[in-house]
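Here is the structure we will look at, set down as structure tokens.
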Amino acid sequence: MQALESTYFRLSEQDLGTLRRQLHVWGAAHDPALTATVQSSFESMWAEVGVSSGADPDEVRRFMAHAVLLTILASLDLMDLYGMEEKGC
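This is the structure in structure tokens:
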């Protein structure tokens, strides 16, 4: 899980466009033409985190919550609020 977290943090620093598009997709998920696709994609991502890391459901939830938080902070250019320096990342 730590490797996934570090990778996601690096992505948030290096590829803001992808993270911002992710927020737009989630925001557009209310559109019936997109709902099933967006839900399926998010469910697949959630499952892949668990499978690739071997994490239990609580760890997966924690990672996904942090990933969404990082996505929002990176999109707003507020990564300093996350305090990664204090965590040694």
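Residue numbers (the working numbering): 1 to 89. All C-beta atoms in this analysis are idealised placements derived from N, C-alpha and C, irrespective of residue type, glycine included.
Item: The region 17-26 touching the region 74-81, judged by at least three CB pairs closer than 8 Å; Value: yes
Item: Inside the region 35-67 only - alpha helix (DSSP H) runs reaching at least 4 residues; Value: 35-53
Item: Alpha carbon of residue 14 to alpha carbon of residue 32, nearest angstrom; Value: 32 Å
Item: With 16 other Cβ atoms within 10 Å as the buried cut-off, status of residue 12; Value: buried
Item: Spatial distance of residue 63 from residue 81 (CA atoms); Value: 17 Å
Item: Pair within 7 Å by beta-carbon distance, residue 8 and residue 70; Value: yes
Item: Separation of residue 50 from residue 37, as counted between CA atoms; Value: 20 Å
Item: Beta-carbon gap between residue 29 and residue 35 smaller than 7 Å; Value: yes
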